[in-house]
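Student: Here it is, the structure, as structure tokens.
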Amino acid sequence: MKLKTITILILILSNTILFGQNLKMEAYEFISKAQDTVKAELGTFYVLKDRTNSSQDSIKLSFIRFKSTNPNPGKPIVYLSGGPGGSGTGTAKGGRFELFMKLREVADVIAFDQRGTGMSDRLPNCKYYAEFLPEKPTDKAEYIQKTTENISKCLEFWELENVNLKAYNTTESAKDIDELRKVLNTDKISVWAISYGSHLAFEYTRLFEDNIDKMVLASLEGSDQTIKLPKNTETFVFQLAELAKDNYGSEQKYPDLKRKITEVHERIKKNPVTSSYDNRRGGRDIVGISNFELQSAIATFYLKNPEDSKRLPKIYTEMYNGDFTGIAADVLVLKRYIFNGIRPMPFAMDMQSGISGQRQKQIEEQIDECILGSSINFLLYEWMTNLEFPQLPKEFRDLKPNKVNALLLSGSLDGRTYLTSGMEIAKKFENGRHVIIENAGHDLYMQSPLIGDMVLDFFKGKELNVDRIVLEPTLFD
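Its first residue numbered 55, the sequence shown is counted upward by one per residue in the numbering used here.
Spelled out as structure tokens, the structure:
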């Protein structure tokens, strides 16, 4: 055997040992935010940081395994958190803890921390920030300029820190999941996910469909839906306005909300305002509000779930009457904490998921004509078009038909990943069932015990004969 061939075989063998047989498991006492305590296991393993080059740099990935209570457990259920940037182990500590515990009736439940999140290896935060004057109404152009300049500084900072941001993309993360499957020593896994977690699950489906047993996905973000369409956001806002007319029969009604919403934005577009509010320190903050800042505040704080959007008619009515006190605190949060910096993992993941040419054309046609512009995307769309940052190849954004046994869930009042988008995605799942949850929002898993019970039944293999669940509506303030 030639020396070159022997060398190659040694390299392959060493990589197999390093990246295929490196699982470490240890006993772990898991404590939820509500102080529930359960015995679990902490697992860690290593994967190649960037599989697209010859570097052997590795990163540590972590997960919590909740052992099944079933004497004959099924395939492990792997939870993928949203964001990007959410932590699976962090999610398990919160409101979904109960559902994590219930699913142990079926199989081991894995709270997985994707690369760059939770208990997995993290990236250093950038030390630079953009600054926006609180009292000045700041237009969109200035936000684009200052944030892109700040991002350029951050990219230089991460380069000096030897951070390979390009390694943090959804394709690499999907391959991490399959490495997890291998170290768990199982031929298949089941996937449980929400929001960006569904976006990641679609890429796992594209690459490893045959390795999936069952899949439950909620609040669906398609392969080419990282950037949301402005028209969908406008339609959703006006849907809320329509519901607020009668407000489900309550005494507080908003018969002319759509006109008021439109007029508020027309006024502030022409004449930005300055407002103030009492802060927690006992003082008073003065806040300038441009139309872009108002759009961004509404998209960020008032659309995600019914508990958020119930405040929308009241806040618009106040602004229509000239009172911007209620929105001022939200705008200040945007100026000081949301638009001023970026987190490396979410930034890199979203930027590389990218946007197709067709969708970009739709955005351009809609962005200036719709009530909230593209503010549902924060400034991600503008960064994609103003910064030279790599995007994954076009096949990544093309979700093909598949035969995965899937349960797909969409909330009718989800103001992040819209019902119409979910219906479009569901057509790709030939063996999928799409269930619409009326009056549910984005974070729908715990909005009714019926939803958790349905998820459990699906993973147990029970036949579901339901396409719609109707929850009690949340009344508008």
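We put the CB at the ideal spot given by N, CA and C, even for glycine. These numbers were taken from a predicted model, which means no experiment stands behind them.
1. Let's see if you can read the secondary structure: which residues bound the alpha helix (DSSP H) around Ala247?
2. Are the CB atoms of Pro394 and Tyr183 nearer to each other than 8 Å?
3. Spatial neighbours of Glu288 within its chain, please: CB distance less than 6 Å, with the 5 preceding and 5 following residues excluded, ordered by chain position.
4. Tell me the start and end of each unbroken beta strand (DSSP E) in the region 387 to 465 that is at least 3 residues and wholly inside, in chain order.
5. Between the alpha carbons of Ser116 and Glu233, how many angstroms are there, rounded?
6. Please check the pair Glu215 and Arg169, which I expect to be a contact at CB under 8 Å, by giving their CB distance rounded to whole angstroms.
7. Looking at the structure shown, is Thr163 part of a helix, part of a strand, or coil, going by DSSP?
8. To which residues of the same chain is Ile479 closer than 6 Å at the C-beta, ignoring the five residues directly before and after it?
9. Going by the DSSP bridge assignment, what does Glu95 pair with across the sheet?
10. Please classify Val385: is it buried, with 16 or more other beta-carbons within 10 angstroms of its beta-carbon, or exposed?
11. Between which two residues does the beta strand (DSSP E) carrying Glu28 extend?
12. Cutting at 8 Å between CB atoms, please list the residues of its own chain near Ser422, excluding the five before and the five after it.
13. Go ahead and pull the three-state DSSP assignment for Gly74.
14. For the candidate residues Ala382, Ala402, Ser109, Phe443, whose alpha-carbon lies nearest to that of Arg338?
15. When the distance is taken between beta carbons, is His496 closer than 8 Å to Arg470?
16. Please return the same chain residues whose Cβ sits closer than 6 Å to the Cβ of Gly149, not counting the five positions on each side in sequence.
17. Helix or strand or just coil, what does DSSP make of Leu504?
18. Does the distance from the CB of Gly136 to the CB of Thr171 come in under 8 Å?
19. Can you give the Cα-Cα distance for Pro447 and Leu254, rounded to whole angstroms?
20. Which whole-angstrom value is the C-beta distance of Thr192 and Gly342, which I expect to be below 8 Å?
21. Pro444: buried (16+ other C-beta within 10 angstroms of its C-beta) or exposed?
22. For Phe483, which of helix, strand or coil comes out of DSSP?
23. What are the boundary residues of the beta strand (DSSP E) that Lys324 is part of?
24. By the three-class DSSP mapping on this structure, what secondary structure does Thr106 have?
25. Among Lys190, Leu473, Tyr302, which one has its Cα closest to the Cα of Arg390?
Tutor: If we stick to the structure as given:
1. For the purposes of this step, residue 247 is identified with residue 193 of the sequence shown, where counting begins at 1. Looking at the DSSP string, Ala247 is not in any alpha helix (DSSP H); the run it does join, the beta strand (DSSP E), is 243 to 248.
2. As a position in the sequence shown, residue 394 is number 340, starting the count at 1. As a position in the sequence shown, residue 183 is number 129, starting the count at 1. Note on residue identity: the sequence assigns Asn, not Pro, to residue 394. The Cβ atoms of Asn394 and Tyr183 sit closer than 8 Å to each other.
3. Locating residue 288 in the sequence shown gives position 234, counting from the first residue. Taken in chain order, the residues that qualify are Cys424, Ile425.
4. Contiguous beta strand (DSSP E) elements confined to the region 387 to 465 occur at 460 to 465, taking only those with 3 or more residues.
5. Sequence index remark: in the sequence shown, residue 116 carries index 62 (1-based). Sequence index remark: in the sequence shown, residue 233 carries index 179 (1-based). Their Cα atoms are separated by approximately 12 Å.
6. Taking the first residue of the sequence shown as 1, we reach residue 215 at position 161. Taking the first residue of the sequence shown as 1, we reach residue 169 at position 115. Not confirmed; about 16 Å, so no contact.
7. Numbered from its first residue, the sequence shown carries residue 163 at position 109. One detail in the question is off: residue 163 reads as Val in this sequence, not Thr. Of the three classes helix, strand and coil, the one that applies to Val163 here is strand, per DSSP.
8. Along the sequence shown, read from residue 1 onward, the residue named residue 479 stands at position 425. Here the set comprises Leu274, Gly276.
9. Along the sequence shown, read from residue 1 onward, the residue named residue 95 stands at position 41. The secondary-structure analysis by DSSP pairs Glu95 across a beta bridge with Ala81, Arg119.
10. Looking up residue 385 in the sequence shown gives position 331. With 16 or more other Cβ atoms inside 10 Å of its own Cβ, Val385 counts as buried.
11. The requested residue 28 is not part of the displayed model; the chain covers only 55 to 531.
12. The residue you call residue 422 lines up with position 368 of the sequence shown. For clarity, residue 422 is Asp in the given sequence; the question names Ser instead. So the list is empty, once near-sequence residues are dropped.
13. Stepping through the sequence shown from its first residue, residue 74 is reached at position 20. At Gly74 the pLDDT is 49, less than 50, meaning the model places this residue with poor confidence; the figure from the coordinates comes in the next sentence. Of the three classes helix, strand and coil, the one that applies to Gly74 here is helix, per DSSP.
14. In the sequence shown, residue 338 corresponds to position 284, counting from 1. Considering only Ala382, Ala402, Ser109, Phe443, the residue with the shortest C-alpha distance to Arg338 is Ala382.
15. As a working note, residue 470 is residue 416 in the sequence shown. As a working note, residue 496 is residue 442 in the sequence shown. The answer is yes: Cβ separation under 8 Å.
16. Start at 1 with the first residue of the sequence shown, and residue 149 comes out as number 95. When the five nearest sequence neighbours on each side are left out, the beta carbons in the same chain lying within less than 6 Å of the beta carbon of Gly149 are those of Met500, in order along the chain.
17. Residue mapping note: residue 504 aligns to position 450 of the sequence shown, counting from 1. Helix.
18. The sequence position of residue 136 within the sequence shown is 82, counting from 1. The sequence position of residue 171 within the sequence shown is 117, counting from 1. Judged by beta-carbon spacing, Thr171 lies beyond the 8 Å limit of Gly136, meaning their Cβ atoms are not closer than that value.
19. Taking the first residue of the sequence shown as position 1, residue 447 is located at position 393. Taking the first residue of the sequence shown as position 1, residue 254 is located at position 200. Approximately 15 Å, taken between the alpha carbons.
20. Residue 192 sits at position 138 when you count from the first residue of the sequence shown. Residue 342 sits at position 288 when you count from the first residue of the sequence shown. That belief holds up - the Cβ atoms of Thr192 and Gly342 are roughly 7 Å apart, short of 8 Å.
21. Reading the sequence shown from its first residue, position 390 is the one you call residue 444. By the neighbour-count rule (16 or more Cβ atoms within 10 Å), Pro444 is not buried but exposed.
22. Residue 483 sits at position 429 when you count from the first residue of the sequence shown. In the three-state reduction of the DSSP assignment, Phe483 falls in the strand class, which pools E and B.
23. If you number the sequence shown from 1, residue 324 lands on position 270. Here Lys324 belongs to no beta strand (DSSP E); instead the alpha helix (DSSP H) covers 311 to 324.
24. Taking the sequence shown and counting its residues from 1, the one referred to as residue 106 is at position 52. DSSP, read as helix, strand or coil, puts Thr106 in coil.
25. Counting from 1 along the sequence shown, the entry for residue 390 is found at position 336. Comparing Cα positions, the closest option is Lys190.
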